[in-house]
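Protein chains: 2
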Amino acid sequence: MYRRCNIKRNLTIKDVAKKAGVSVATVSRVLNSSTSVRRETAKIVQDAINELEYIPNNIATNLKTDQSHVIAFVVTDVKNSVLTYLISSIQNVLWDHNYFMMFFATNGDPDRETSILRFIAQQRVDGIILNSCTNEKIVTKLSKQIPIVLTGNDITDPNFIGDFIDTDNHAATYMLTSHLISQGHRNIGIINGPHNLDVSYERFCGYQSALAVIGLNVIESSPLVYQGNFDRISGFNAAKSLLSLTENRPTALLITNNEMMKGVLQYCLENKINIPDDLSIVTIGNRCQLDLLYISPTYMETNLEEIGERLARLLLERIEKDHKIPKRILRVPAFFHNGTTVKPIV
Amino acid sequence: MYRRCNIKRNLTIKDVAKKAGVSVATVSRVLNSSTSVRRETAKIVQDAINELEYIPNNIATNLKTDQSHVIAFVVTDVKNSVLTYLISSIQNVLWDHNYFMMFFATNGDPDRETSILRFIAQQRVDGIILNSCTNEKIVTKLSKQIPIVLTGNDITDPNFIGDFIDTDNHAATYMLTSHLISQGHRNIGIINGPHNLDVSYERFCGYQSALAVIGLNVIESSPLVYQGNFDRISGFNAAKSLLSLTENRPTALLITNNEMMKGVLQYCLENKINIPDDLSIVTIGNRCQLDLLYISPTYMETNLEEIGERLARLLLERIEKDHKIPKRILRVPAFFHNGTTVKPIV
DNA sequence: TTGTACGCGTTATCAT
DNA sequence: ATGATAACGCGTACAA
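Protein sequence lines, in the order shown, are assigned to chains D and C.
At position 278 of the first sequence the residue is numbered 278 (the working numbering), and the sequence of numbers has no breaks.
At position 147 of the second sequence the residue is numbered 147 (the working numbering), and the sequence of numbers has no breaks.
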């Protein structure tokens, strides 16, 4: 092991105390500026610290204080490019409050998620931001020990303690579908995420509701409904599948995230399918990912920076105050058409 | 505080020992399956663990064993979309070896970087992957206590102990510039990153060398050289500035990353500058970010998934074996033209 | 203001 | 095979 090979072991508070000719308690006091220390002694101690280049051991402090100032951020898929906005804003809020982050990706694997949650529990982090939740039981139980805020998947179990923020997914797909209908489309396909995720279910329901308004009843097993898994390749496959339908071939596609949309675009490019002449496309995503493509899809923007910031703030509040009443926040996304925000035509 | 408000404190190994009617040592043995325990006793202990839903405290273990199985990953800018590939591949390697990640973003602020490094040192992580290094002294010193692997910025100080992997930046810009030259361009502008970063310097040198071949001597203060900071808005400003030159207005731009290129594209769109008729563009980036844009730039692909994987592997090796000889690896990027890999015309 | 001593929850050594 | 106990490095009552 690395550290053991060092000739000189890590210096401890004792070494500083010895060097400064004071007790460890005094050094600790200087480090934490908790109770009063004489200016001269503080100076001596500080000099010793500097000279020895003493580095306090957070592990020991954490053990003693039962706090780590570290929170865990768990996501399903790291490669989803919109994620960077979430991480970035969370990081910044944490930084302002002197908190740090452990980062985990479940890759959509429930077993991996379970293992990660177990590790997190053992790690005694101060809180969790969870963007992947396939096992409500475990998370519900964990929420009694560690503050948790959720996004993506809410937990309905009344025993779950924690907050939830997300985009209003139902509203997003409802508006997009209505938009397509108003443009005259009747055969509208949907490329959605895994059906076991809340986010997919809600997005499907919004789509379904909008179609119901004009008397169309589309169920989950309809050939117009494709279940992808939010990555690019599944978008490609979805396009291939849906656009190969012999009857009721869709004239428009609702694609529920950025990555899958890229896959669709790739398929259309390779197969010379012209957008929007041969096919209309609407999606949910982030402006910066969408404004320079070779087409300008209509989309609902999920402001992930705002969501990330609010997630972090909610978590920090919950870490401070235990019995805060849980919040459920749905953020209505903005409608973009031809590159600018407009009121949707619904 | 959250945890303190809980009526029942966290259970410890002692509680398990008491419940099972054995000593803490035995429980510890069962947990770590280190030395031999009678099957029956193990069973009793395991039952107690399950019944109490005991969760081991990693903090205490870390303190005792001086290992955390956690590494730190530090980057400059989270929003750089290519980052997701790095994180993803690192995560997967770590997962395979039962390691976890703390994630930090310096946002290009040296002070923040310093604070982060201090925190990391205090945290006693097992290793560091550093993609942001403005203070070689601190990192060099730290490298004697914690295994470090670098990317982006190498450290020339012979006292630094650690590995380095990166794209061959010089080769990348050299090839791109030569390509432009072969296409007949003579006024070639470069939109580069902050000049205090190695990566920027190398990319500039590659550009400079290629131009020198045809007798053009471009220095850093040339009007054709723009210093951005790798984000989209600086790309936009760079395009505005370079394309407003009255004399020697560039006919081609070498843009050293994806994000800045997006800014350039935005500027060109807004100002009706046609690519490639009015302006040629070459860049460095990732295929998935570039293949669906409204133009198909020539680019050098930096395979960040490969680099991430190798970074993680090198770090884990270094954690295992202290006196491993430092490696310096430069990965030659692939040349893409019209969407496919080809031999560059140089 | 400062020092002594105990405990945080583990692992590891040394007995038995 | 198992138990008692000393560390790990720090914070903090309590005493001085």
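Virtual Cβ for every residue (Gly too), placed ideally from N, Cα, C.
Everything numeric in this text was worked out from a predicted model, so none of it was measured.
When the beta-carbon positions are compared, G127/C and R9/C stay at least 8 Å from each other. Y294/D belongs to the set of residues whose beta carbon lies under 8 Å from a beta carbon in chain C. The region 55-133 of chain C is shown to contain whole beta strand (DSSP E) runs of 3 or more residues at 70-75, 100-105, 127-131, in chain order. Cβ contact annotation for V332/C (same chain, cutoff 6 Å, sequence separation greater than five): D168, A171, in chain order. Taking every protein chain shown into account, the CB of L245/D has fewer than 16 other CB atoms within 10 angstroms, so this residue is exposed.
N57/C is the residue among K64/C, I148/C, N57/C whose C-alpha sits nearest the C-alpha of D66/D. Judged by beta-carbon spacing, I191/C lies beyond the 8 Å limit of I295/C, meaning their Cβ atoms are not closer than that value. The alpha carbon of R287/C has as its nearest neighbour, out of C268/C, D322/C, P297/C, Q183/C, the alpha carbon of P297/C. Under the Cβ distance rule, K79/C counts among the residues neighbouring chain D, one pair being separated by less than 8 Å.
Taking a Cβ-Cβ cut-off of 9 Å, K137/D has no neighbours in chain C, whose nearest Cβ is about 12 Å from it. In the three-state scheme derived from DSSP, where H, G and I count as helix and E and B as strand, E247/C is classed as coil. Within the same chain, L224, L242, P250, L253 come within 6 Å of G189/D by CB-CB distance, once the 5 residues on both sides are set aside. Secondary structure at Q227/C: strand, using DSSP grouped into helix, strand and coil.
Look at H170/D here: in three-state DSSP terms it is helix. Residues of chain D whose Cβ lies closer than 8 Å to the Cβ of P56/C are, in chain order, Q122. For S209/D, no chain C residue has a Cβ inside 7 Å of its Cβ, as the nearest lies near 31 Å away. Scanning chain D for C-beta atoms nearer than 7 Å to the C-beta of N62/C yields I59, reported in chain order. Straight across, the Cα-Cα distance linking T61/D with T26/D is about 16 Å. Excluding its 5 nearest sequence neighbours in each direction, E305/D has C-beta neighbours in its own chain below 6 Å: Y85, S89, listed in chain order. When rounded, the separation of the alpha-carbon atoms in N274/D and C268/D is 7 Å. Close to chain C, meaning a Cβ-Cβ distance shorter than 8 Å, are the following residues of the region 223-240 of chain D: R232.
In the DSSP assignment, M300/C forms a beta bridge with I284/C, F335/C. The beta carbon of F119/D falls within 8 Å of a beta carbon belonging to chain C, placing the residue at that interface. For the region 247-279 of chain D, the beta-carbon criterion of a distance under 7 Å to any beta-carbon of chain C is satisfied by K262, L265, Q266. Nearest C-alpha to N187/C among P194/C, A210/C, S200/C, D77/C: A210/C. With a cutoff of 8 Å on beta-carbon distance, V218/D and Q208/D are scored as near each other.
Around D291/D, the same chain offers G339 as residues with beta carbons nearer than 8 Å, after the five sequence neighbours per side are excluded. Bounds of any beta strand (DSSP E) do not take in L211/D; it lies within the alpha helix (DSSP H) bounded by 198-213.
Distances from the alpha-carbon of C133/C to those of S182/C, F335/C, S81/C, F73/C put F73/C closest.
Collapsing the DSSP output to three states places I138/D in a helix. At a cut-off of 8 Å between beta carbons, M175/D makes no contact with chain C. The criterion of a C-beta distance shorter than 8 Å is not satisfied by N258/C and G108/C. For L83/D, the nearest CB of chain C lies under 8 Å from its own CB, placing it at the interface with that chain. Around the beta carbon of D166/C, 16 or more other beta carbons sit within 10 angstroms, so the residue counts as buried. Between the region 104-119 of chain C and the region 134-141 of chain C there are three or more C-beta pairs closer than 8 Å, enough to call the two in contact. Excluding sequence positions up to five before and after K79/C, its CB lies within less than 8 Å of the CB of D231, E259, all in the same chain and listed in chain order.
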